Amino acid sequence: MFGTEMRSLKTSNHAMLRILIFTVFLVISSLLISCSQSSPQDNNTKLNNPPVALVYYSTSLSQEIIGGGNSHFLSIDKDGSIQTRNGDGLEWNAPVQLQDSNRIVIQAREKVHVQQGKGSEDTYSSRCRVSAGYRQMSGYLTSSKLYYALFNKGIDTHDNYISTIRWGDAQHHNCADIPEFVEAQGSDENLIYVLTSDHASLKGLNLVVMELEGSKLQQSKYPLLDIYTGSLIVQSKMVSTQNNMYVVFSTRDEHNRIHLQLMEINKSTHTAITYSLHTYGEEPDNAYFSLSANSIGIVDKMLYYVDGYGTIFSFSLDTKASVKSNTLAKFQRSSNVNDAMGYVYGAFYYLYRYDESDQVHKIEQYQLSDGKFLKKLPIPNLASKLSSGVYLYDFQMLTNL
Numbered sequence: 001m002f003g004t005e006m007r008s009l010k011t012s013n014h015a016m017l018r019i020l021i022f023t024v025f026l027v028i029s030s031l032l033i034s035c036s037q038s039s040p041q042d043n044n045t046k047l048n049n050p051p052v053a054l055v056y057y058s059t060s061l062s063q064e065i066i067g068g069g070n071s072h073f074l075s076i077d078k079d080g081s082i083q084t085r086n087g088d089g090l091e092w093n094a095p096v097q098l099q100d101s102n103r104i105v106i107q108a109r110e111k112v113h114v115q116q117g118k119g120s121e122d123t124y125s126s127r128c129r130v131s132a133g134y135r136q137m138s139g140y141l142t143s144s145k146l147y148y149a150l151f152n153k154g155i156d157t158h159d160n161y162i163s164t165i166r167w168g169d170a171q172h173h174n175c176a177d178i179p180e181f182v183e184a185q186g187s188d189e190n191l192i193y194v195l196t197s198d199h200a201s202l203k204g205l206n207l208v209v210m211e212l213e214g215s216k217l218q219q220s221k222y223p224l225l226d227i228y229t230g231s232l233i234v235q236s237k238m239v240s241t242q243n244n245m246y247v248v249f250s251t252r253d254e255h256n257r258i259h260l261q262l263m264e265i266n267k268s269t270h271t272a273i274t275y276s277l278h279t280y281g282e283e284p285d286n287a288y289f290s291l292s293a294n295s296i297g298i299v300d301k302m303l304y305y306v307d308g309y310g311t312i313f314s315f316s317l318d319t320k321a322s323v324k325s326n327t328l329a330k331f332q333r334s335s336n337v338n339d340a341m342g343y344v345y346g347a348f349y350y351l352y353r354y355d356e357s358d359q360v361h362k363i364e365q366y367q368l369s370d371g372k373f374l375k376k377l378p379i380p381n382l383a384s385k386l387s388s389g390v391y392l393y394d395f396q397m398l399t400n401l
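Numbering (the UniProt record's numbering) for the sequence shown: 1 to 401.
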């Protein structure tokens, strides 16, 4: 999961514990969503309709180090037809759709690919090699019309944690290393907001605010919360309102109970307030983990977050209080999620999963406000497009069904 070639033996035991917790989180996520199909069929199918969803599978970092790895980028249209792009592996990749176009930016270890729709593609070299992402960490700034994606690089010889940010537009692609361990990211129209922690001391959360201007990156860092981060696991990306950023995270107490919390970050004062959402029991199987960092959204001043059990937590941004929770209709979390990932788009929650009873992949649409099941999109023969040893690392909706 990490750039092990950069790890230092000087890393403290506490730091290694924190990294181990994060690694276990990503490993569990990967194992739960692994796919065990055989060799993929060669596919040159072109979609007759614009894609409504994107799905990304890849080998893990360990496989890529040994044999190069491979990936499958799937575009799915409203009829369930699939266009497949096979490439090199990149764990936790972060595809981005460029706004007001059908172009998709797909990252690779040493390159950036811009898919132009209908299968055509432009390729650019990147001076910043990346080996793994974090967890669905990409976005788009509408004011500057720039995409960005964050990647997990590892610890350098001076015991500093390093991450890489790539950004650009369809023709220009930039990158830089930043001395941060990234817990979560989000953006508004103008700025990127990154939640970071100190991997060595396991104390404190910081807010790094990034501004992209062409090939220039400017960043400012602010201390946010003086808390112990050893058991902290961020469960969502950061979502934005006019004045605040919001992110869901969990911590474990001395009695092994899991506390699910919402953090509100003021964009102007760079201060944070936390609110309790729920307390789980011991949760030995970690089934409460969200089905993706994109399982969060805001609709009409109500924040919604969907956990791994399919519970929809509602929080009023007016009253700053939790509202009665709901559950995704007919959803059952199995011990092996197989292929399953969620995504909030507008007022709906979308669940991409493999239905074992029907033996087919599908996208299901639920209403965020009450969990009502609305419709499904079967995707026949998707499994035949995948090679063995790949994992589901991203699912995005580009429009509503």
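Quick reminder that beta carbons are idealized off the backbone N, C-alpha and C, glycines included.
Quantities reported herein were computed from a predicted structural model and do not represent experimental measurements.
| Item | Value |
| --- | --- |
| For the beta strand (DSSP E) that contains Phe313, what are its first and last residues? | 311–316 |
| Output the distance between the C-alpha atoms of Ser384 and Asn174, rounded to the nearest integer angstrom. | 36 Å |
| Relative to the C-alpha of His278, which candidate in Ser322, Ser126, Leu368 has its C-alpha closest? | Ser322 |
| Output the distance between the C-alpha atoms of Met245 and Ile273, rounded to the nearest integer angstrom. | 11 Å |
| Pick helix, strand or coil for Ser325, following the three-state DSSP scheme. | strand |
| Which same chain residues, not among the five before or five after Gly80, have their C-beta less than 7 Å away from its C-beta? | Leu377, Pro378, Ile379, Pro380 |
| Here's a check: name, in chain order, each residue in its chain whose Cβ is nearer than 7 Å to the Cβ of Tyr134, leaving out the five neighbours to either side. | Trp92, Leu150, Asn152, Val182 |
| In three-state terms, what does DSSP make of Ala176? | strand |
| Considering only the alpha carbon of each residue, which of Gln99, Leu401, Leu90, Asn206 lies closest to Ser143? | Gln99 |
| Classify His383 as helix, strand or coil using the three-state DSSP reduction. | Looking at the sequence provided, one finds Ala at residue 383 rather than His. Looking at Ala383 - three-state DSSP - the assignment turns out to be helix. |
| In the DSSP assignment, the beta strand (DSSP E) including Trp167 goes from what residue to what residue? | 161–168 |
| Look at the alpha carbon of Leu392 and the alpha carbon of Leu386, and state the distance between them as a whole number of angstroms. | 10 Å |
| Run the CB neighbour count on Leu74, radius 10 Å, all protein chains shown included, and call it buried at 16 or more, exposed below. | buried |
| Note down the Cα distance separating Tyr281 from Asp77, rounded to an integer number of angstroms. | The sequence given here places Gly at residue 281; Tyr does not occur at that position. Roughly 41 Å between the two C-alpha positions. |
| Using the Cβ count rule (16 or more neighbours within 10 Å means buried), how would you classify Asn256? | exposed |
| Measuring only the C-alpha atoms, how far is Met397 from Ala108? | 21 Å |
| Closer than 6 Å by C-beta to Tyr366: which residues in its own chain qualify, once you throw out the five before and the five after it? Chain order, please. | Leu328, Tyr349, Phe373 |
| Rounding to the nearest angstrom, what Cα-Cα distance links Ser369 and Asn400 in this structure? | 16 Å |
| Run through DSSP, which three-state label would Ser101 get? | coil |
| Keeping to the same chain, check which residues put their C-beta closer than 8 Å to that of Lys111; ignore five residues upstream and five downstream. | Thr123, Tyr124, Ser125, Ser126 |
| By DSSP's criteria, Leu278 is part of a beta bridge. Which residues make up the other side? | Per the sequence shown, residue 278 should be read as His rather than Leu. Answer by DSSP bridge pairing, in chain order: Leu260. |
| Please report how far the alpha carbon of Glu283 lies from the alpha carbon of Arg252, in whole angstroms. | 10 Å |
| Roughly how many whole angstroms lie between the Cα atoms of Gly342 and Asn294? | 7 Å |
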